[in-house]
Amino acid sequence: MQKAGSRISRISGQDMDRSGKEKVGIKKEEVGIKKEKVGIKKEKVGIKKEKIGIKKEKIGMQKKGTGSRKYGDWLGVLFLLAAVGMLVISVRLCFADGIWYDELYTMGLTRRSFGELTAFTARDVHPPFYYYYVKAVQGLCRMVSPQVNLTIISKLCSVLPLLGLTAYGVTRVRRQFGMLCAGLFVFCVTAMPNLPQYTVEIRMYTLAMFLVTAAFLHGYEIVCRAGIAGRESGSGKDWICLTLYGIMAAYTHYFACAAIGVLYLCLLVYFLWETVRDRAYVKRYAFWKPWLAAAAVSVLAYLPWMTAVVRQVAQVKESYWILPLTWRVFGSCVKFLMKPPFGSGSFQVAAAVVLFALYTGLFLYVVWKEKKRKNTEVCFLCLAGTGILAGTVLFGVAASFLLRPVFIVRYMVPAAGCFWLSFAVFVSRAAEEKKIFFPVLCLILIIGIGDFRWFRNDETWRRVRMDEVKEALAFIGPEDVIITQFNQVQGVTGYYLDNEIYLWYSQPEELLCEIMGREYDTITSEEDIRKILERGTNVWFIGNRQSDILAGWEQAGIHAKEYQEFMLEVYWVTLYELAESAD
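FYI, the numbering for the sequence shown is 10 to 592, going by my numbering.
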């Protein structure tokens, strides 16, 4: 019994030893887990301390520039109010009937069904999204008021994208860079040289500028969130917005498509640079996945239009209206962006030179300053904002030399929003230097207000001239025949009148005739004119007063009686009534 008891006690002791060891092992494992958790907590504490340090640094910077920042905010409000006032004036200027030749395509295409619109656009040289946009707005307005003036509504469609940029300015731009930057940005995209005219033009340029700039702002937000919070950036919405805006821009204008391509390239270069600079960056933020996804979705979304692109490229390669480029095109780009249209010639050149030097100097200064602060996100915005426009120009110049001239300076407008956003950031970042702060703002204000004032006066003058056009065209009866010297004049005249209209010794634009549903024809001899006159039909000629055509007709026995000189939107012409000479 004792032996049995001792055996039982040994067994139970061994079991107790084993269970004790197991418990010790479990405790050690728990201690290890606790240590690991403590390590994670310490790491988080370190990250928090780092963030607190960054916040303290930012607070210190804010305290340092509190005075200039307060004045800067008030000046930003001033610039914003000036821009809003200009947009109100642009809205008022939209209430006019005058259009020019390129706008005929918009007005004609938006009269068609979406299917016909797409088919006709595929035969033209532009993608279709802008026409969808204008047609949709026209449809909504007609639901409210069936008799609404579609010309006015179509012009207002060019102001709406500027209102969208204003909304982005007072929200995202203001939150990221302050009120001064927001006000300057909205002011610049509204008033800087050559931009105001597109607020009332029935073309796609302001819409393209809005889409490219909005995509750029969401791209910048992606960069900021990736740098701050790693893979928990929550920037999915920004990637979606970047993708959608990019696709719409590509379907609006081909140079907007080029600008979006440069933006994607800038994002890729930035992410690769950060990876090289910090090996842990790619672990914290797997940038290549959303970047590839956005690029792939964009390419797939554009595939249905690629057959039209190939056809349009072949058509342009065969013949196009743009003149050959020279290296002076780069100077023309600077003039387009920075040369004001008012004042003497020497003042215009001086203002453009000063503004260009200012842009370049502030660009270098702010990039250098932010690089010292290790603020790579702002460096990205400065470099990419300027680079998008520069890349768009280089794309156009390269295509012009390799394919056929396809670039003119107004094709920079889609990328101009990014360009002037960068400038607004330069100025607001340099605002701490009071010595250059106020002179720079005064120069921007003078150029912007002067440029918009010139634009307003020009548009008001055109409205007065439009009354003269109506007065001249009132001489023409509904059964009369019209002969025009230029196809642009033929097209615009045909928009206002339903008369039989001929083009002298030249072929009308076939596509425009189909779009407008008009059968324009050509007339090539004095004998054809005489036959029309013999029918007892009144014949009118709209052409250039200095033309040799009139002298030739006079020798052939056709007399031209001058009625009135007028400006048909952008074309100076004279109205003549034709008749057979008495002798």
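For every residue, glycine included, the Cβ atom is placed at its ideal position computed from N, Cα and C.
Residue i, enclosing beta strand (DSSP E) - first and last residue
{"i": "Tyr511", "result": "Glu509 to Trp513"}
{"i": "Asp530", "result": "Asp530 to Ile532"}
{"i": "Tyr586", "result": "One detail in the question is off: residue 586 reads as Glu in this sequence, not Tyr. Run containing Glu586: Tyr580 to Glu589, per the beta strand (DSSP E) assignment."}
{"i": "Ala569", "result": "Ile567 to Leu577"}
{"i": "Trp330", "result": "Neither: Trp330 is in no beta strand (DSSP E) and is coded neither H nor E."}
{"i": "Trp549", "result": "Val548 to Gly552"}
Beta-carbon proximity list for residue i, same chain, < 6 Å, skipping 5 on both sides
{"i": "Phe123", "result": "none"}
{"i": "Ala131", "result": "Ala317"}
{"i": "Leu165", "result": "Cys103"}
{"i": "Ala265", "result": "Ala217, Val221, Ala258 and Pro423"}
{"i": "Glu518", "result": "Asn496"}
{"i": "Ala565", "result": "Glu535"}
{"i": "His568", "result": "Ala588 and Ser590"}
{"i": "Glu574", "result": "Thr583"}
{"i": "Gly76", "result": "The pLDDT assigned to Gly76 is 49, lower than 50, so where the model puts this residue is not dependable, and the model offers no usable value."}
Nearest neighbour of residue i, chosen from the options [CA to CA]
{"i": "Pro333", "options": "Arg320, Gly405 and Leu274", "result": "Gly405"}
{"i": "Ile231", "options": "Glu125, Phe219 and Ile249", "result": "Ile249"}
{"i": "Ser307", "options": "Tyr273, Asp537, Trp330 and Val278", "result": "Tyr273"}
{"i": "Ser556", "options": "Phe495, Glu536, Val143 and Tyr263", "result": "Phe495"}
{"i": "Arg2", "options": "Gly117, Val271, Ile567 and Asp247", "result": "Outside the shown range of the chain, which is 10 to 592, sits residue 2, and nothing can be said about it."}
{"i": "Gly486", "options": "Leu506, Val498, Met475 and Gln499", "result": "Leu506"}
{"i": "Glu489", "options": "Tyr511, His227, Val498 and Glu468", "result": "The sequence as given places Asp at residue 489; Glu does not occur at that position. Of the listed residues, the one whose Cα sits closest to Asp489 is Tyr511."}
{"i": "Met95", "options": "Tyr572, Arg554 and Arg462", "result": "Arg462"}
{"i": "Ser431", "options": "Gln185, Glu563 and Cys451", "result": "Gln185"}
{"i": "Ser341", "options": "Val362, Glu327 and Gly352", "result": "Val362"}
{"i": "Leu89", "options": "Ile458, Gln564 and Val157", "result": "Ile458"}
{"i": "Ile532", "options": "Ile108, Gly352, Leu521 and Ser515", "result": "Ser515"}
{"i": "Ala303", "options": "Tyr374, His227, Lys570 and Ala359", "result": "His227"}
{"i": "Tyr374", "options": "Ala360, Gln357 and Leu392", "result": "Leu392"}
{"i": "Met421", "options": "Ala408, Ala407, Phe410 and Gly400", "result": "Gly400"}
{"i": "Pro350", "options": "Glu574, Leu301, Cys233 and Ala200", "result": "Ala200"}
{"i": "Ile108", "options": "Leu520, Glu468, Ala560 and Ile551", "result": "Glu468"}
{"i": "Ile558", "options": "Asp537, Glu327 and Trp513", "result": "Trp513"}
{"i": "Ile453", "options": "Glu386, Gly526 and Leu346", "result": "Leu346"}
{"i": "Ala267", "options": "Ala560, Glu125 and Gly396", "result": "Gly396"}
{"i": "Val338", "options": "Gly354, Leu403 and Trp282", "result": "Leu403"}
Whole-angstrom C-beta distance between residue j and residue i, which should lie under 8 Å
{"i": "Val312", "j": "Thr261", "result": "Checking the sequence shown, residue 312 turns out to be Leu, not Val. With 8 Å as the limit, Leu312 and Thr261 do not qualify as a contact, their Cβ atoms being about 17 Å apart."}
{"i": "Ala433", "j": "Cys103", "result": "26 Å between Cβ atoms; not a contact."}
{"i": "Pro414", "j": "Ile331", "result": "4 Å"}
{"i": "Gly255", "j": "Gly85", "result": "Not quite, the Cβ-Cβ distance comes to about 29 Å (not below 8 Å), so this is no contact."}
{"i": "Leu113", "j": "Tyr504", "result": "6 Å"}
{"i": "Tyr572", "j": "Ala481", "result": "7 Å"}
{"i": "Tyr214", "j": "Arg419", "result": "7 Å"}
{"i": "Leu398", "j": "Phe428", "result": "4 Å"}
{"i": "Val168", "j": "Thr208", "result": "5 Å"}
{"i": "Ile491", "j": "Ile551", "result": "6 Å"}
Contacts around residue i, its chain only, beta-carbon distance under 7 Å, and the 5 residues preceding and following it disregarded
{"i": "Val134", "result": "Gln321 and Val325"}
{"i": "Tyr174", "result": "Note that residue 174 corresponds to Leu in the displayed sequence, not to Tyr. Cβ within range, chain order: Val195, Val198, Phe219, Thr222 and Gly426."}
{"i": "Leu371", "result": "Phe435, Val436 and Ala439"}
{"i": "Thr115", "result": "Tyr140, Val143, Ser163, Ile211 and Arg212"}
{"i": "Asp106", "result": "Thr160 and Met475"}
{"i": "Tyr110", "result": "Gln497, Gly500 and Val501"}
{"i": "Arg151", "result": "Val157"}
{"i": "Val449", "result": "Leu367 and Val436"}
Cβ-based neighbour list, residue i, same chain, cut-off 8 Å, excluding 5 preceding and 5 following
{"i": "Arg597", "result": "No statement about residue 597 is possible, as the shown extent of the chain runs from 10 to 592 and does not include it."}
{"i": "Asp82", "result": "Gly187, Met188 and Leu189"}
{"i": "Lys380", "result": "Cys388"}
{"i": "Met576", "result": "Arg471, Arg474, Glu477, Val478 and Val582"}
{"i": "Val348", "result": "Reading off the sequence shown, one finds Lys at residue 348, where the question assumed Val. Result list for Lys348: Pro202, Gln357, Val358, Ala360 and Ala361, in chain order."}
Residue range of the alpha helix (DSSP H) that includes residue i
{"i": "Thr395", "result": "Thr385 to Leu411"}
{"i": "Ile491", "result": "Careful: Ile491 lies outside any alpha helix (DSSP H), inside the beta strand (DSSP E) at Val490 to Thr493."}
{"i": "Trp282", "result": "Tyr263 to Arg286"}
{"i": "Gly255", "result": "Gly245 to Ala259"}
{"i": "Phe432", "result": "Val422 to Arg438"}
{"i": "Gln185", "result": "Arg183 to Phe186"}
{"i": "Cys166", "result": "Leu159 to Tyr177"}
{"i": "Lys344", "result": "Val338 to Met347"}
{"i": "Glu210", "result": "Looking at the DSSP string, Glu210 is not in any alpha helix (DSSP H), and its letter there is neither H nor E."}
{"i": "Thr650", "result": "Since the first and last residues shown for the chain are 10 and 592, residue 650 lies out of range."}
{"i": "Gly117", "result": "Tyr110 to Leu118"}
{"i": "Leu593", "result": "The structure shown has nothing for residue 593, since the chain only spans 10 to 592."}
{"i": "Val143", "result": "Phe138 to Val153"}
{"i": "Leu521", "result": "Glu519 to Met525"}
{"i": "Asp557", "result": "From DSSP, Asp557 is part of no alpha helix (DSSP H); its letter is neither H nor E."}
{"i": "Val498", "result": "Asn496 to Tyr505"}
Any C-beta of chain D under 8 Å from that of residue i
{"i": "Cys342", "result": "Absent from the structure is chain D; it holds one protein chain and no more."}
Would you call the stretch 541-551 in contact with the stretch 579-590, where contact means no fewer than 3 C-beta pairs closer than 8 Å? Between the stretch 541-551 and the stretch 579-590 there are three or more C-beta pairs closer than 8 Å, enough to call the two in contact.
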